[in-house]
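What follows is a set of notes on a single structure, which appears directly below.
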Amino acid sequence: MVDFKKLQESKGKPKPINPREIFNALPKPPGINDLYASQAEVLDAWFPRRTERDVVVKLHTGGGKTLVALLMAQSVMNELGEPVIYLAPTNQLVDQVIAKSKEYGISAVPYVRKQPLQAEFYDGKSVLVGSYETLFNGRSKFGVRNSGQSIVKAGAIILDDAHVALSSVRDAFSLTITAKDHSDVYADLAGRFRTAFKEVGRSGSFADVTNGKDFGVMEVPSWAWQRKLPEIEQYLSEVVEDIDPFVWPFLRDNLAVCHCLFSRKSVTITPIFPTVDLLPTFDDCSRRIYMSATIADDSEIVRTFGASAEAVSKPITSASLAGVGERMILIPELMKLEGTPITPMVKNIAKKLAENKRGAAILTPSGHAADQWTDIAKYPSTAKAVADEISAMQSGTSYGPLVLANRYDGIDLAGNACRFLVMDNLPQGTSDYDIYRVNVVADAAVSSLIAQRIEQGIGRGTRGGGDFCTVMLIGSRLVGWIGRKSNLAFLTASTRVQLSMGQEMSETVTTVKEVHETVMKCLNRDADWVKYHASELAEAAHAAPVNMLALRVAGGERKAFKLQRLGQYEKALQTFEKLIADEELKSDSQRRAWLSALAARIAYQMEDEQRGQKLQTNAFSVNNNHSPPKIRPPYVPRPIPGKQSGAIVSRLLEYDLRGAMLADFEEAVAELVPAASAARYEEALANLGTYLGFEAERPEKIHGTGPDVLWRTGATFDFVIEAKSKKEDNPLYKSDHAQLLEAENWFKGAYPGRAAVRVSALPEAVADNKASTAGSYALRLAEITKLVGALRGVLKDLVASPGKADALRERCEAALQKANLTPDGIRKLFLVTFEKASGKGP
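Oh and the sequence shown: position 50 is 50 in the UniProt record's numbering, straight run, nothing missing.
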């Protein structure tokens with residue numbers, strides 16, 4: 001038998017290391033003669049930079065990213081003769097990489113569980129392809145620092161879809177103890193920290209979370225975590241083997257730098273940043289290549305992988321639009337459909353298209369949301385069932401509709417498998433840490449993560465430059481998010497252009513019939529539509545700008561984390577203090593609050609209680625989703641607000657899609673219903689005040705004293721509000737009214753000489769005979785509904801009005817007067833006095 005491989009090697013020719021030359025020498029699949037221009041462009045840019053430790057390479061989905069990565073891998077093996085590891089987010093994508101390598105004759109072997117690593121990998125002759133979990137686990141075959149294992153040295157590690165893998169990498173370093181599977185451990189840990197939550201005034205919320213009544217995520221106060229650390233270390237070492245032994249080697253010596261998060265389903269112990277340095281194969285690798293999407297903010301690559309911020313600031317990218325599919329994005333909330341229910345309309349379109357052999361898929365943020373689609377769509381509940389349904393759609397044996405919950409990546413529905421894609425509401429975090437992060441850091445990094453999930457989601461139906469799909473974006477939170485100017489910057493240029501087209505098209509649609517006709521323009525390849533899309537998309541042919549500030553902050557956070565773990569606490573604190581004082585961060589109070597909270601953790605770790613209290617107070621004062629300090633900060637009186645109309649118009653001008661403000665408004669006041677929890681109802685009342693153009697506060701929640709809600713106005717008085725939404729058929733008792741009087745006294749102390757209107761927000765304006773309610777008012781649920789309706793009308797009028805700020809303010813002022821939404825108008829029209837009821841009060 002002739003061994004052609006041996007014959008070729010016997011010639012003694014040096015192996016090419018330039019990826020272009022490697023490609024030219026490879027066998028080509030039918031129809032492939034050369035690289036895409038975008039592939040050639042990034043390979044030419046990478047080759048002279050190939051020795052850099054961290055390199056980010058960006059290509060559009062469908063732009064041939066896998067082949068580029070494989071050519072880089074072959075180049076490293078040819079040059080160094082060392083092992084190369086290729087990581088992909090899912091096993092399905094691992095299989096795709098292996099298939100692509102066979103297609104081009106590049107030698108690749110899959111990682112096989114419970115089997116030794118292959119000899120051809122060790123010899124640098126075959127790239128090893130596996131999921132991120134194959135490397136990032138506490139019992140990794142590649143070796144863990146200080147474990148006594150031999151360490152595998154890698155010449156290069158390629159991290160494909162690095163932006164997608166961020167959560168799964170964090171999970172590999174996190175211990176999650178579920179209440180369902182380990183109820184005794186969950187209960188034990190909850191019991192150890194119950195007193196700490198009581199000390200900061202959040203025992204009620206913690207009880208609701210741990211009893212399964214609240215969907216929130218609560219962090220153990222960092223001072224309490226440090227205080228309990230020795231006993232927690234001992235306890236976990238005894239029980240962890242039955243929970244997750246793979247993660248313990250990462251955590252056992254690093255609990256001091258971890259968050260401890262409680263939710264109704266689990267308790268999660270996760271490091272501030274993944275401790276990737278505990279894996280020498282990764283940490284000591286001299287060439288780490290991050291294949292990423294064309295997003296504007298790569299700061300999470302710095303935080304998650306410890307990559308150099310300077311290196312990440314110089315990504316290799318292409319301005320080419322190769323691989324960008326054709327997407328007709330439609331936004332029903334922006335259409336003038338005159339009360340037509342949106343979800344039933346979209347369901348009807350999806351069902352009809354699937355019946356006509358045009359694939360339809362729906363992406364939802366949760367299983368609960370997915371359940372709402374099961375009347376027209378299949379909802380596979382297991383990973384295998386999902387894979388089977390996807391395969392059926394890919395092969396053309398099914399066209400859906402298929403609904404998937406919280407799956408925005410790793411699903412390819414090219415061609416006819418998906419011609420109609422629905423994204424139902426805003427993607428949410430996949431883990432308790434993600435949810436926690438969104439609540440406490442409303443910053444660029446979080447916006448970037450949301451943008452990535454949106455990009456991933458709407459990209460499921462277009463898998464290359466020749467593909468096309470209609471995308472429907474529905475749900476108030478999603479529409480509100482994409483409508484804000486500040487968020488659009490985190491989307492790729494091509495998506496921004498397609499969204500802009502979608503806005504223009506959606507605003508011209510007035511009937512359900514026109515919705516159907518518009519969808520079919522795309523699917524039937526209407527020549528005018530195709531030409532319009534191509535010409536508009538050409539405007540997006542430029543590289544995304546780099547967010548240098550976000551990278552600098554991420555680099556500073558990582559530096560401080562390293563110093564903290566080395567015990568150099570003062571240097572770590574100085575790093576944070578320098579960032580907090582940065583001029584460019586002056587306007588980003590949320591980011592500075594997050595940095596203050598991280599710094600407080602270090603102060604508590606070094607037992608500097610006073611410094612920790614000050615830093616935690618700074619964080620909490622800006623965002624009360626942070627853990628409260630032991631001593632609540634005193635209330636600081638604020639100046640009288642400006643005009644209502646100015647505040648309302650300023651908010652409106654934050655939106656690029658003005659109609660999206662209405663979607664945000666509906667979301668903000670949605671909990672003004674009897675079924676809402678007290679906390680959500682109070683938050684919705686505060687939101688209503690903000691949308692009315694007042695300065696709304698929740699003093700009792702933040703400072704532990706004062707009213708539930710305070711509406712500060714530009715008039716001569718403010719509204720002091722106590723929320724009693726759960727009264728139902730019960731009257732306002734004497735004790736209830738006493739709370740309102742106490743709130744008024746607090747207000748008089750904070751704002752001496754200023755008038756207050758005492759308000760109790762409750763179902764009915766009925767007071768017990770023992771309650772002396774003279775001078776107090778009721779804001780009944782019926783009036784709240786009217787108030788919301790009146791404000792909705794004003795906002796709709798503004799959204800539909802052309803003109804700049806001055807003209808809009810004048811129009812808003814007139815509309816507020818007409819709708820009686822000024823402070824005087826609200827007091828006269830929407831507040832009522834109490835009637836007396838018989839019966840015994842408490």
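Note that CB positions come from ideal geometry on N, CA and C, so glycine has one too.
Sequence-distant residues of its chain with Cβ nearer than 6 Å to residue i (five each side left out)
| i | result |
| --- | --- |
| residue 134 | 111 |
| residue 841 | A caution first: residue 841 carries a pLDDT of 47, below 50, which makes its placement in the model too unreliable to give a value. |
| residue 498 | 327, 329 |
| residue 619 | 593, 596, 597, 626 |
| residue 403 | 362, 370, 373, 377, 379 |
| residue 741 | none |
| residue 161 | 89 |
Span separating the alpha-carbon of residue i from that of residue j
| i | j | result |
| --- | --- | --- |
| residue 780 | residue 423 | 36 Å |
| residue 589 | residue 174 | 29 Å |
| residue 369 | residue 770 | 46 Å |
| residue 756 | residue 712 | 10 Å |
| residue 342 | residue 521 | 20 Å |
| residue 386 | residue 413 | 12 Å |
| residue 831 | residue 211 | 37 Å |
| residue 266 | residue 191 | 14 Å |
| residue 737 | residue 773 | 7 Å |
| residue 271 | residue 153 | 26 Å |
| residue 489 | residue 170 | 26 Å |
| residue 843 | residue 287 | The structure shown does not extend to residue 843, since the chain is modelled only from 1 to 842, so the question has no answer here. |
| residue 280 | residue 142 | 8 Å |
| residue 19 | residue 157 | 16 Å |
| residue 814 | residue 648 | 13 Å |
| residue 351 | residue 512 | 15 Å |
| residue 536 | residue 795 | 30 Å |
Simplified DSSP assignment, three categories, for residue i
| i | result |
| --- | --- |
| residue 242 | helix |
| residue 711 | strand |
| residue 472 | strand |
| residue 133 | helix |
| residue 777 | strand |
| residue 335 | coil |
| residue 533 | helix |
| residue 228 | helix |
| residue 420 | strand |
| residue 841 | With a pLDDT of only 47 at residue 841, under 50, the local geometry of the prediction cannot be trusted, and the value read off the model is given with reservation. It is coil, neither helix nor strand. |
| residue 29 | coil |
| residue 846 | Any property of residue 846 remains undetermined from this structure, which presents the chain solely from 1 to 842. |
| residue 827 | helix |
| residue 270 | strand |
| residue 312 | helix |
| residue 665 | helix |
| residue 237 | helix |
| residue 193 | helix |
| residue 178 | strand |
| residue 58 | strand |
Other residues of its chain near residue i: CB distance less than 8 Å, five sequence neighbours each side excluded
| i | result |
| --- | --- |
| residue 751 | 637, 718 |
| residue 846 | The requested residue 846 is not part of the displayed model; the chain covers only 1 to 842. |
| residue 25 | 16 |
| residue 70 | 86, 97, 100, 101, 104, 106, 108, 127 |
| residue 125 | 77, 107 |
| residue 790 | 819, 820, 821 |
For residue i, the residue or residues it bridges with in DSSP
| i | result |
| --- | --- |
| residue 797 | DSSP, once it has assigned bridges, lists no residue as partnering residue 797. |
| residue 140 | Paired residue(s): none; residue 140 is not in a bridge. |
| residue 501 | For residue 501, which the question treats as bridged, DSSP gives no partner whatsoever. |
Cut-off 7 Å between Cβ atoms - residues of its own chain near residue i, not counting five sequence neighbours on either side
| i | result |
| --- | --- |
| residue 669 | 684, 687, 688, 788 |
| residue 209 | 216, 218, 262, 263, 264 |
| residue 613 | 629, 630, 631 |
| residue 199 | 630 |
| residue 274 | 169, 170, 173, 304 |
Which parts of the segment 570–653 are runs of the alpha helix (DSSP H), unbroken and 4 residues or longer, counting only runs that do not cross its ends?
Correct list: 589–605, 609–622, 644–652.
3-residue-minimum beta strand (DSSP E) runs that sit fully inside the segment 364–416, ordered along the chain:
Here the runs fully enclosed are 402–405.
Quick one: which unbroken alpha helix (DSSP H) runs of 4-plus residues sit fully inside the segment 685–753? Chain order, please.
Within the segment 685–753, the complete alpha helix (DSSP H) segments of 4 residues or longer fall at 699–703, 734–750, listed in chain order.
Going residue by residue through the segment 436–465, where are the continuous beta strand (DSSP E) segments of at least 3 residues, counting only ones entirely within it?
Runs found: none.
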